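Residue numbers (this note's numbering): 26 to 361.
No residue lacks a Cβ here, since even glycine has one placed at the ideal position from N, Cα and C.
Since the model is a prediction, treat every value here as computed from it, not as a measurement.
Report on the following structure.
Pasting the structure below:
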């Protein structure tokens with residue numbers, strides 16, 4: 026069984042004795058909060074305890090010229106401002122000099138762990154491609170910097186069960202304009218390991234259905250940079266295999282055919298350095314003459330004739346011609 030009784034409590038506000046004058050501290054150090062605002066409780070500034078409840082008083086921040094400032098005080102960090110305490114009941118005031126500081130460091134939140142193919146180019150690992158962390162700063166601007174630790178993993182790595190070729194650990198720090206530095210934020214980038222089964226090989230250039238057009242011998246770029254190389258996830262492994270444990274080489278056999286063209290049989294060899302296996306692939310690159318010769322004719326001539334029979338004998342100047350792929354034969358046809 027429970028019994029209940031009820032009674033009333035009345036809180037009687039304290040009334041100061043001996044007058045209503047206010048007395049403020051001459052000077053204090055004060056730090057702003059997460060909103061870059063300073064605490065405004067009158068108890069921070071009043072001396073003694075002969076006062077009403079502190080909530081009865083108002084507090085205003087002023088600059089050195091007496092103009093009200095705030096509530097955001099970001100432009101006054103590191104300066105001396107003034108807290109004016111007022112008793113609304115009497116109009117009495119007092120003032121405290123406040124040395125304002127920002128002691129809160131920025132907060133940095135990194136992106137989640139990122140998994141990328143081992144073939145990715147190193148320049149693709151910069152923050153403009155991977156993304157920047159989120160920074161929360163209460164008052165001012167900040168500078169953001171990072172340092173990288175790149176670790177290549179062994180084929181029999183046990184840290185990630187052999188699943189990755191390497192990892193990048195990126196440590197971020199943010200420092201605000203008042204020298205407060207954040208706690209380090211660590212971001213992890215994993216570079217996935219692949220096998221020969223994941224390779225894609227470059228296309229053929231033969232004009233055949235489903236293949237690329239042959240190259241024009243007038244300006245044929247047969248380098249792997251143009252015609253392609255073995256790749257992982259669209260990233261070529263030649264001339265650099267990035268973090269992937271592949272060795273990639275090729276040899277060319279050039280076979281000429283009529284008309285100044287030729288065919289390149291490019292044999293690619295890709296070695297998986299972790300599994301001691303290799304794959305080979307022959308890429309066909311056909312280079313043909315697709316541009317006719319250029320010819321430059323001589324200028325017009327004026328020739329005098331024999332007075333007796335109105336004829337003339339002369340040797341016509343030759344035209345000039347050239348071709349980028351093969352030798353040129355010419356013939357001359359004239360009309361009377």
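Member of the options whose CA lies at the smallest distance from the CA of residue i
i, options, result
"residue 63", "40, 129, 81 and 113", "129"
"residue 230", "223, 245, 224 and 259", "245"
"residue 309", "271, 236 and 82", "236"
"residue 173", "320, 195, 93 and 72", "195"
"residue 272", "296, 238, 290 and 256", "296"
"residue 275", "305, 284, 283 and 300", "305"
"residue 137", "159, 52, 122 and 117", "159"
"residue 61", "93, 239 and 161", "161"
"residue 228", "285, 97 and 291", "291"
"residue 182", "217, 157 and 207", "217"
"residue 225", "293, 148 and 251", "293"
"residue 285", "37, 300, 314 and 265", "314"
"residue 201", "127, 354 and 38", "127"
Other residues of its chain near residue i: CB distance less than 7 Å, five sequence neighbours each side excluded
i, result
"residue 287", "279, 280, 281 and 312"
"residue 175", "191 and 193"
"residue 104", "125"
"residue 238", "230 and 232"
Inter-residue spacing [alpha-carbon to alpha-carbon] between residue i and residue j
i, j, result
"residue 189", "residue 95", "53 Å"
"residue 346", "residue 329", "29 Å"
"residue 307", "residue 254", "11 Å"
"residue 339", "residue 358", "16 Å"
"residue 110", "residue 42", "19 Å"
"residue 67", "residue 76", "10 Å"
"residue 33", "residue 203", "52 Å"
"residue 146", "residue 135", "22 Å"
"residue 259", "residue 319", "40 Å"
"residue 262", "residue 131", "41 Å"
"residue 165", "residue 84", "24 Å"
"residue 322", "residue 356", "13 Å"
"residue 88", "residue 102", "12 Å"
"residue 289", "residue 240", "11 Å"
"residue 91", "residue 121", "12 Å"
"residue 30", "residue 40", "32 Å"
"residue 74", "residue 108", "18 Å"
"residue 184", "residue 58", "43 Å"
"residue 303", "residue 270", "12 Å"
"residue 186", "residue 266", "22 Å"
Contacting residues, own chain, Cβ-Cβ under 6 Å from residue i (five flanking each side not counted)
i, result
"residue 316", "243"
"residue 215", "140, 189 and 192"
"residue 65", "84"
"residue 180", "299"
Residue i - containing beta strand (DSSP E), residue span
i, result
"residue 297", "286 to 297"
"residue 121", "118 to 126"
"residue 188", "Per DSSP, residue 188 belongs to no beta strand (DSSP E) and is neither H nor E."
"residue 109", "105 to 111"
"residue 220", "Element bounds for residue 220: n/a, residue is neither H nor E."
"residue 319", "319 to 321"
"residue 55", "52 to 56"
"residue 167", "167 to 177"
"residue 141", "139 to 142"
"residue 304", "302 to 313"
"residue 62", "Run containing residue 62: none; DSSP gives neither H nor E here."
"residue 362", "The displayed coordinates of the chain run from 26 to 361. Any statement about residue 362 would go beyond what the structure contains."
"residue 83", "83 to 87"
"residue 160", "159 to 161"
Inter-residue CB distance, residue i and residue j (contact presumed, cutoff 8 Å)
i, j, result
"residue 139", "residue 125", "About 41 Å; that fails the 8 Å criterion."
"residue 56", "residue 177", "Contact flag wrong, Cβ pair sits at about 46 Å."
"residue 298", "residue 257", "About 14 Å; that fails the 8 Å criterion."
"residue 197", "residue 167", "With a Cβ gap of about 11 Å, residue 197 and residue 167 do not count as contacting."
"residue 219", "residue 142", "7 Å"
"residue 117", "residue 45", "6 Å"
For residue i, the first and last residue of its enclosing alpha helix (DSSP H)
i, result
"residue 277", "Unbroken run through residue 277 is the beta strand (DSSP E), 271 to 282; no alpha helix (DSSP H)."
"residue 252", "249 to 252"
"residue 153", "152 to 155"
Nonlocal neighbours in the same chain, by C-beta distance under 8 Å from residue i, ignoring five residues either side
i, result
"residue 27", "none"
"residue 71", "47, 48, 49, 50, 79, 82, 110 and 119"
Residue i beta carbon near the ligand ATP (any heavy atom closer than 7 Å)
i, result
"residue 357", "Looking at this structure, you won't find the ligand ATP or any other ligand, since it has none at all."
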